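Below: one structure, written as structure tokens.
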Amino acid sequence: MNRITKENNSMLLHLSLPINSIGRDFFVGDIHGELDNLKRALCKLKFDYDRDRLICTGDLIDRGPKSFSALSLLNEKFFFSVIGNHEEMLLRSFDSRANRELSWYPNGGGWWENLNNYEKITCRDLIVNNMALLITVQFEKFSAGVVHGDFPLGMNWSDAISSVRDSKTDTRYFLWQRDRIKNKIDVRVEGIDYIFLGHTPISGPCKLGNCYFIDTGSGHQSSNYIYNPSLTICSINDGDVVYYNFPIKIKF
Numbered sequence: 011m012n013r014i015t016k017e018n019n020s021m022l023l024h025l026s027l028p029i030n031s032i033g034r035d036f037f038v039g040d041i042h043g044e045l046d047n048l049k050r051a052l053c054k055l056k057f058d059y060d061r062d063r064l065i066c067t068g069d070l071i072d073r074g075p076k077s078f079s080a081l082s083l084l085n086e087k088f089f090f091s092v093i094g095n096h097e098e099m100l101l102r103s104f105d106s107r108a109n110r111e112l113s114w115y116p117n118g119g120g121w122w123e124n125l126n127n128y129e130k131i132t133c134r135d136l137i138v139n140n141m142a143l144l145i146t147v148q149f150e151k152f153s154a155g156v157v158h159g160d161f162p163l164g165m166n167w168s169d170a171i172s173s174v175r176d177s178k179t180d181t182r183y184f185l186w187q188r189d190r191i192k193n194k195i196d197v198r199v200e201g202i203d204y205i206f207l208g209h210t211p212i213s214g215p216c217k218l219g220n221c222y223f224i225d226t227g228s229g230h231q232s233s234n235y236i237y238n239p240s241l242t243i244c245s246i247n248d249g250d251v252v253y254y255n256f257p258i259k260i261k262f
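My numbering puts the sequence shown at residues 11 to 262.
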């Protein structure tokens, strides 16, 4: 697998997962530290930790109560995730305290202050060794892609992989942009059958072309944009994307 190296940190660019011949594959939106709700959801889905796989759209951390534990999912053989912009903020925090205080902490990164140095290095290593910018998941008759934020218009899937490997496309576009979901651009991405994305919290899953936006507010408070924050998990059954929604239990 190729990497982009930036100072002391690096980023995996692309991970390809072979066909899961012994179990099921599920895709989950941004978790944002809500690990207990994820575990409840997997229990309801009768998730088999030895056979099934769970692929996440990134942002495992921040906002919710268990960021470190959520990031530790990357140690598990059933779990895979693209890198999210919140993980990128964590990596950038090693370069500058200003990055932490101005950008990350106001967006849920305050838990970082409670970690010791060993735990902080563990978090960094988990991200750079396991989280890829793009993930391709192979099925018998089709393939699915996973990316955190957005996918460039006019670019097909294989071109995107080549482009980031050759440093022709800014990797931050895939982490931070929201063009498709913000402007409701209903256009397919060629070279892949399905793409699952997170990053932009919305009240319910949204399909635009073959792009499925599945961040439904896990870790967020209820607002005019997200009426009932929840975790969305989905699977592809006979060619159709099936959604499973798990509301966040709000603590008072």
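Don't be surprised by glycine CBs; every beta carbon is placed ideally from N, CA and C.
For clarity, every value in this text was computed on a predicted model and none was experimentally measured.
Using CA coordinates, which residue listed in the options is at the minimum distance from residue i?
i: residue 29; options: 233, 149, 227; result: 149
i: residue 102; options: 244, 119, 47; result: 119
i: residue 80; options: 123, 228, 115, 249; result: 228
i: residue 248; options: 26, 23, 24, 35; result: 35
i: residue 87; options: 65, 217, 243, 209; result: 65
i: residue 141; options: 98, 114, 104; result: 98
i: residue 126; options: 106, 139, 175, 78; result: 78
i: residue 254; options: 111, 195, 27, 48; result: 48
i: residue 242; options: 31, 51, 25, 22; result: 51
i: residue 185; options: 60, 84, 38, 96; result: 96
i: residue 63; options: 43, 42, 91, 211; result: 91
i: residue 41; options: 32, 33, 26, 84; result: 84
i: residue 240; options: 234, 246, 226; result: 226
i: residue 219; options: 237, 211, 161; result: 161
i: residue 189; options: 21, 221, 170, 33; result: 221
Starting from residue i, trace the beta strand (DSSP E) in both directions and tell me its first and last residue.
i: residue 137; result: Element bounds for residue 137: not the beta strand (DSSP E) but the alpha helix (DSSP H), 127-140.
i: residue 222; result: 221-223
i: residue 153; result: 153-156
Quick check on residue i: buried or exposed, where buried means 16 or more other Cβ atoms within 10 Å of its Cβ?
i: residue 58; result: exposed
i: residue 152; result: exposed
i: residue 257; result: exposed
i: residue 17; result: Its pLDDT being 38, under 50, residue 17 is placed unreliably in this model, and the value from its coordinates should be taken loosely. Under this definition residue 17 is an exposed residue.
i: residue 133; result: buried
i: residue 187; result: buried
i: residue 205; result: buried
i: residue 53; result: exposed
i: residue 252; result: exposed
i: residue 217; result: exposed
i: residue 163; result: exposed
i: residue 11; result: Caution is warranted here: a pLDDT of 44 is assigned to residue 11, below 50, making its placement in the model unreliable, and no coordinate value can be reported.
i: residue 116; result: exposed
i: residue 124; result: exposed
i: residue 137; result: buried
i: residue 262; result: Low confidence applies here, because residue 262 scores a pLDDT of 34, under 50, leaving its location unreliable; read the following figure in that light. Residue 262 is exposed by the Cβ-count criterion.
Is residue i helix, strand or coil when you go by DSSP?
i: residue 85; result: helix
i: residue 36; result: strand
i: residue 250; result: strand
i: residue 63; result: strand
i: residue 163; result: coil
i: residue 210; result: coil
i: residue 183; result: helix
i: residue 43; result: coil
i: residue 174; result: helix
i: residue 23; result: strand
i: residue 74; result: coil
i: residue 79; result: helix
i: residue 119; result: helix
i: residue 48; result: helix
i: residue 198; result: coil
i: residue 30; result: coil
i: residue 168; result: helix
i: residue 58; result: coil
i: residue 234; result: coil
Where do the N-terminal and C-terminal ends of the alpha helix (DSSP H) with residue i fall, by residue?
i: residue 113; result: Premise fails: residue 113 is in no alpha helix (DSSP H) and is neither H nor E.
i: residue 100; result: 95-103
i: residue 191; result: 189-192
Could you name the residues that DSSP lists as bridge partners for residue i?
i: residue 217; result: 222
i: residue 204; result: 154
i: residue 244; result: 37, 253
i: residue 149; result: BP columns for residue 149 are empty, so no partner.
i: residue 92; result: 142
i: residue 227; result: 240
May I ask whether a heavy atom of the ligand PLP can be found less than 7 Å away from the beta carbon of residue i?
i: residue 65; result: Ligands displayed in this structure: none; no statement on the ligand PLP is therefore possible.
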